[in-house]
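Novice: Can you read through this structure? Questions will come right after.
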Amino acid sequence: MQKLTTRAIEAARPDSSKKDIYLRDGDGLELRVLPSGKKVWQFRYTFSGKRRVLTFGDYAVCSLREARLRAQDARKFLSIGQDPADEIKTKVVKHAAPLNNSPSPRQAEAANADGFPEPTHRLIDLMLAYAQWKEESGKPAYAHDVRNNTRLYLKENAPDLAIKPASECTSEDIAALLRPIHERGKLRTTGKLRSILSAAFQTALQAPYHPAIPKNLLGFNVKSNPVLAIPAIHTEPREHVLTQAELGQYASAVLAGTGITYYCLALSLFAGGQRPTQVSRIREEDYSKNESILLIKDPKGKRSKPRLHYLPLGNFATQLIAQWHMPGSLLKNPIWFSVDGDTVMESTSLSHQCKRIQKTFGLEPFEMRDIRRTVETEMARLGFSKDLRAHLLSHGLGGIQDRHYDRYDRIDEKREALEKWEKYLLELMEPYHNKQA
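Shown next as structure tokens:
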């Protein structure tokens with residue numbers, strides 16, 4: 001039997017038939033994927049002639065490695081004639097106890113088979129329920145950020161806070177979580193985590209009274225938002241832009257590379273500086289071959305549904321897509337920039353590729369988001385109006401301007417602009433293209 005991998009677990013999605021899915025790692029260990037999207041570790045075994053199932057906990061708080069270690073412990077107990085359910089429950093309850101080793105009566109009463117408080121009331125469950133709601137509301141990229149921050153900063157760095165009932169979390173708890181991140185100089189990360197936590201608590205606070213908030217966000221009994229006492233983290237906006245020479249070298253590098261990360265970065269650039277994470281989600285049905293129009297779904301901002309951002313591509317970008325669709329290409333279906341056609345690539349794959357390009361070609365360090373700022377700066381240099389730049393880059397559009405935007409709004413003007421942008425990029429990369437050929 002093939003062993004599970006973290007990538008396979010992350011890619012697992014609920015079944016359309018609303019039935020549970022079981023991903024087996026072998027020797028009794030399996031991951032149960034519920035229709036809600038929740039992923040729970042289980043260990044199947046036989047004791048005293050009866051088939052039994054032991055729950056190890058949610059994947060959000062129990063990694064693949066941890067689940068395998070727990071399964072290994074369970075097998076050791078079976079080998080000496082003991083029921084692992086009794087032994088592991090005792091062991092995990094001790095591990096999950098608060099630092100003062102005196103759990104409250106409520107926590108002790110709420111402990112379940114995995115030794116954690118009731119799994120619908122913990123802070124980590126609030127965060128995951130909030131992420132699921134955001135994903136179902138058309139904001140998959142933001143939901144992915146919520147899950148990543150939850151796993152990295154709650155599960156891995158603050159497990160005691162992760163399993164604390166959400167209703168008992170205090171401002172001091174949140175400050176203690178944020179302080180070490182802030183002390184490492186990660187101000188933007190601190191501010192982002194603070195914002196995510198505040199939004200999740202605010203959602204739980206409003207859930208009993210807001211009909212649009214789903215039922216899985218009810219029952220947390222949150223009476224106040226503990227994050228509000230913590231001041232917002234101020235960060236200076238980045239102003240870094242690449243020089244024309246650096247932009248030309250970067251453009252040449254992404255075109256010279258082979259692989260879906262290179263393809264994604266190249267299309268993001270030649271399509272007018274689109275956000276690579278949004279481009280990475282493009283599906284086959286999002287592209288009209290006959291019209292050379294690309295649809296990008298932009299979930300940014302407070303809109304309830306992603307904004308449909310239509311881009312009439314220039315000749316060069318159209319040729320790139322045609323080339324990538326040739327037999328033997330790495331492009332997949334339905335999701336283009338995917339290893340299997342179904343799994344959206346991690347945003348870190350794109351940022352890491354961007355860093356590798358800088359190192360390989362000796363470019364001054366920059367962040368992936370600096371490319372977008374550079375594109376808008378160069379478009380202004382080319383004489384593109386502020387309004388046209390907003391329509392090309394899908395930002396700063398609101399109110400009537402946003403509501404009445406459709407597929408053919410300013411289509412000729414945008415196509416002419418993108419063809420001009422392509423020509424400009426090709427001129428910038430000419431000195432470097434020949435060197436890399």
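In case it helps, UniProt numbering puts the sequence shown at residues 1 to 437.
Ideal Cβ positions, reconstructed from N, Cα and C, are used throughout, including at glycine.
Leaving out five residues on either side along the sequence, give the residues of the same chain with a beta carbon under 7 Å from the beta carbon of H404.
Specialist: With a pLDDT of 46 at H404, under the threshold of 50, the predicted position of this residue should be treated as unreliable, and no value is reported.
Novice: Would you identify the three-state DSSP class for P165, choosing helix, strand or coil?
Specialist: Strand at P165.
Novice: Taking the straight line between their C-alpha atoms, what separation do you get for Y142 and R307?
Specialist: Approximately 14 Å between the Cα atoms of the pair.
Novice: Nearest to A200 by alpha carbon, out of P211, L218, R184?
Specialist: Cα-wise, what sits closest to A200 is L218.
Novice: What is the DSSP secondary structure of R403, counted as helix, strand or coil?
Specialist: In this prediction, R403 has a pLDDT of 48, which is less than 50 and means its spatial position is unreliable; what the coordinates show is noted afterwards. If DSSP states are grouped into helix, strand and coil, R403 belongs with the helices.
Novice: Going by DSSP, what residue range makes up the beta strand (DSSP E) through R52?
Specialist: Counting along the chain, the beta strand (DSSP E) containing R52 begins and ends at 50-58.
Novice: Taking 8 Å as the cut-off, decide whether the C-beta atoms of K76 and Y59 are in contact.
Specialist: Not a contact, by the Cβ cut-off of 8 Å.
Novice: Tell me which same chain residues have a C-beta within less than 7 Å of the C-beta of F220, skipping the five on either side of it?
Specialist: Closer than 7 Å at the Cβ level, and outside the excluded window around F220, lie H121, L126, A166, S167, A204.
Novice: S137 to Y262, Cα distance in whole Å?
Specialist: Roughly 30 Å between the two C-alpha positions.
Novice: Using the C-alpha atoms, what's the distance from K297 back to residue 439?
Specialist: Lying before the first or after the last residue shown, residue 439 is absent from the chain, which here runs from 1 to 437.
Novice: Answer yes if the region 361-368 comes into contact with the region 240-249, meaning at least three C-beta pairs across the two stretches below 8 Å, and no otherwise.
Specialist: The answer is yes - the region 361-368 touches the region 240-249, with three or more Cβ pairs under 8 Å.
Novice: Between the C-alpha atoms of W421 and E285, what's the straight-line distance to the nearest angstrom?
Specialist: Computed Cα separation, rounded: 25 Å.
Novice: Which residues in the same chain have their Cβ closer than 7 Å to the Cβ of S280, if we skip the five residues on either side of it in sequence?
Specialist: Once the five neighbours on either side are set aside, the close Cβ partners of S280 are C264, F337, V344, M345, L350.
Novice: Below 6 Å CB to CB, which residues in the same chain sit around I196 once its five sequence neighbours on both sides are set aside?
Specialist: So the list reads V146, N149, once near-sequence residues are dropped.
Novice: Going by other Cβ atoms of all chains shown within 10 Å of its Cβ, with 16 needed for buried, is P327 buried or exposed?
Specialist: That one is exposed.
Novice: Considering residue 450, what are the terminal residues of the alpha helix (DSSP H) in which it resides?
Specialist: One cannot answer for residue 450 here, as it falls past the ends of the chain, which runs 1 to 437.
Novice: For my contact list, A417 and L393 are in at a C-beta cut-off of 8 Å; report their separation, rounded to the angstrom.
Specialist: Incorrect: roughly 11 Å between the Cβ atoms, too far for contact.
Novice: Helix, strand or coil: which one does DSSP assign to A22?
Specialist: Here residue 22 turns out to be Tyr, not Ala, going by the sequence shown. Here Y22 sits in strand by DSSP.
Novice: Can you tell me where the alpha helix (DSSP H) with R32 in it begins and where it stops?
Specialist: From DSSP, R32 is part of no alpha helix (DSSP H) but of the beta strand (DSSP E) over 29-33.
Novice: DSSP beta-bridge partners for D298?
Specialist: DSSP, once it has assigned bridges, lists R307 as partnering D298.
Novice: P276 by DSSP, collapsed to three states: which one?
Specialist: It is helical.
Novice: Which whole-angstrom value is the C-beta distance of I230 and A175, which I expect to be below 8 Å?
Specialist: Right, their Cβ atoms sit about 6 Å apart.
Novice: On the three-state DSSP scale, how would you describe T46?
Specialist: Residue state, collapsed to three classes: strand.
Novice: Taking its Cβ as the centre, do 16 or more other Cβ atoms sit within 10 Å of I357, making it buried, or is it exposed?
Specialist: Per the 10 Å Cβ criterion, buried.
Novice: With which residues is R283 paired in a DSSP beta bridge?
Specialist: DSSP, once it has assigned bridges, lists I335 as partnering R283.
Novice: Suppose the cutoff is 6 Å on Cβ atoms and the five residues either side in sequence are ignored; what does the same chain contact list for A108 look like?
Specialist: Because the pLDDT of A108 is 38, which lies under 50, any placement of that residue in the model is unreliable, and the number read from its coordinates should be weighed accordingly. Within the same chain, A108 has no close Cβ partners at all.
Novice: Which residues does DSSP list as the beta-bridge partners of V40?
Specialist: For V40, which the question treats as bridged, DSSP gives the partners R32, D58.
Novice: Are there 16 or more other CB atoms within 10 angstroms of the CB of Y130, so buried, or fewer, so exposed?
Specialist: When all chains shown are included, Y130 counts as buried.
Novice: The alpha helix (DSSP H) spanning K3 covers which residue range?
Specialist: Careful: K3 lies outside any alpha helix (DSSP H) and carries neither H nor E.
Novice: Quick one: give me the first and last residue of the alpha helix (DSSP H) that Y250 is part of.
Specialist: Counting along the chain, the alpha helix (DSSP H) containing Y250 begins and ends at 244-256.
Novice: Looking only at its chain, what residues have a beta carbon closer than 7 Å to the beta carbon of T189, apart from the 5 residues adjacent to it on each side?
Specialist: Same-chain partners within the cutoff: I181.
Novice: How is the alpha helix (DSSP H) around Q132 delimited, first residue to last?
Specialist: Run containing Q132: 123-136, per the alpha helix (DSSP H) assignment.
Novice: Considering just the uninterrupted stretch of the alpha helix (DSSP H) at Y153, what are its terminal residues?
Specialist: Premise fails: Y153 is in no alpha helix (DSSP H) and is neither H nor E.
Novice: Under DSSP, the alpha helix (DSSP H) around E172 begins and ends at which residues?
Specialist: 171-183 is the extent of the alpha helix (DSSP H) around E172.
Novice: Closest to E246 by C-alpha separation, out of V375, L313, Q353, W133, would be which residue?
Specialist: Considering only alpha carbons, the answer is V375.
Novice: Below 8 Å between beta carbons: does that hold for D20 and L34?
Specialist: Cβ distance < 8 Å, so D20 and L34 count as in contact.
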